[in-house]
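Novice:
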Amino acid sequence: MRILPDETWERRLAAEGARRIAGVDEAGRGPLAGPVFAAAVVLSLAALPPALRGALADSKTLSRRQREKAFALLREAPGVEIGLGAASVGEITRLNIHHASLLAMRRALARLPAPPDALLVDGRFAPPFPAPAVALVGGDRLSLSIAAASIVAKVMRDRLMERLDERFPAYGWRQNAGYPTAAHRAALRRLGPSPHHRPGFAGLGAAEGWAEGRAERGGAG
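FYI, in our numbering the residues of the sequence shown are 908 to 1128.
1) Compute the Euclidean distance between the alpha carbons of PRO1020 and LEU1009, then round it to the nearest angstrom.
2) Is any heavy atom in the ligand ADP found nearer than 7 angstroms to the beta carbon of GLU917?
3) Applying the 10 Å Cβ sphere with the 16-neighbour rule, what's the burial state of ARG1048?
4) Taking only three categories from DSSP, how would you classify LEU1016?
5) Our contact map puts SER1052 next to LEU980 with C-beta atoms below 8 angstroms; I'd like the distance itself, whole angstroms only.
6) Could you give the first and the last residue of the continuous alpha helix (DSSP H) run that contains GLU933?
7) Could you check which residue in VAL996, GLY1099, SER1050 has the C-alpha nearest to that of PRO938?
8) Run through the DSSP bridge pairs and tell me what ALA940 is partnered with.
9) To which residues of the same chain is ALA1055 closer than 7 angstroms at the C-beta, ignoring the five residues directly before and after it?
10) Which same chain residues, not among the five before or five after ALA921, have their C-beta less than 6 angstroms away from its C-beta?
11) Among GLN1082, LEU952, HIS1103, which one has its Cα closest to the Cα of ARG918?
12) Please state whether DSSP places ALA1008 in a helix, a strand or coil.
13) DSSP three-state label for ASP1024, please.
14) Can you tell me where the alpha helix (DSSP H) with ALA1060 in it begins and where it stops?
15) Would you report the Cα separation of ALA1045 and ARG1018, rounded to the nearest angstrom?
16) Over the uninterrupted alpha helix (DSSP H) stretch that includes GLU917, give me the two end residues.
17) Where does ILE910 land, buried or exposed, given buried means 16+ other C-beta within 10 angstroms?
18) Grab me the residues of ARG1064's own chain with a C-beta within less than 6 angstroms of its C-beta, minus the 5 sequence neighbours each way, in chain order.
19) Alpha carbon to alpha carbon, what distance is there between PRO1022 and ALA1090?
20) From ILE999, GLU914, ASP932, GLY986, pick the residue whose C-alpha is nearest to that of GLY961; which is it?
21) Hey, quick one: how far does the alpha helix (DSSP H) through LEU1002 stretch, first residue to last?
22) Apply the 10 Å Cβ neighbour rule to ASN1003 and answer buried if 16 or more other Cβ atoms are within range, or exposed otherwise.
23) Where do the ends of the beta strand (DSSP E) carrying LEU981 lie?
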């Protein structure tokens, strides 16, 4: 059964004086390829349309069609503010995925129309930011604002991976969004990495068959 988030945490922060509360979440911590995305979303709970309230949930529990519908409702709803940020494959390699995710979150917050008064962040850690923050494990199942951010981050990252799939169709990114499916791993063994693969992810650098794939392509990286 799908667990629907509510506004309990938003109301707690509002009772402490916060007026603009941003939900923050990321998408793309676990893939073998592509950047990590983050979104920051400020909801006007008093003006939230019932259709949107019912559409918000942890993005992982929604189908692609449901996520796209919820994203469209967010874009149309009054008082909704959205900031989007990302960290590149190079930044993931240099910083590690944890710190790259926090960097993407910080960039998403910086792209809101105005700084929020408080943050609700999915996970155990919040990005450095000059506002009180509450980190919630499983926050995308608890907070409407975090659920909204999870949907925005997932939809936008999936759209990017679809565009990259047009240039590198053999890896199946339109279907797997860069995650380590069997087909994706098979393509890696056959072809080796693309410029958008993350070095060292899930044993990527030592994946069986990479040397064979590189040899078949004349050693090209």
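Heads up, the beta-carbon is just placed ideally off N, CA and C, and yes, glycines get one too.
Specialist: In terms of the structure at hand:
1) 20 angstroms
2) With respect to the ligand ADP, the structure shown offers nothing to examine, as it has no ligands at all.
3) buried
4) helix
5) In fact, because the Cβ distance is near 15 angstroms, the residues do not count as touching under 8 angstroms.
6) From DSSP, GLU933 is part of no alpha helix (DSSP H) but of the beta strand (DSSP E) over 928 to 934.
7) VAL996
8) HIS1104
9) GLY930, VAL948, LEU950, LEU963, LEU981
10) none
11) LEU952
12) This sequence places Ser at residue 1008; Ala is not what is there. The answer is helix: DSSP assigns SER1008 an H, G or I state.
13) coil
14) 1051 to 1074
15) The sequence given here has Gly at residue 1045, not Ala. Using only the alpha carbons, I get a separation of about 24 angstroms.
16) 915 to 922
17) exposed
18) ALA934, GLY935, PHE944
19) 42 angstroms
20) GLU914
21) 996 to 1002
22) exposed
23) No beta strand (DSSP E) holds LEU981; the alpha helix (DSSP H) holding it covers 971 to 983.
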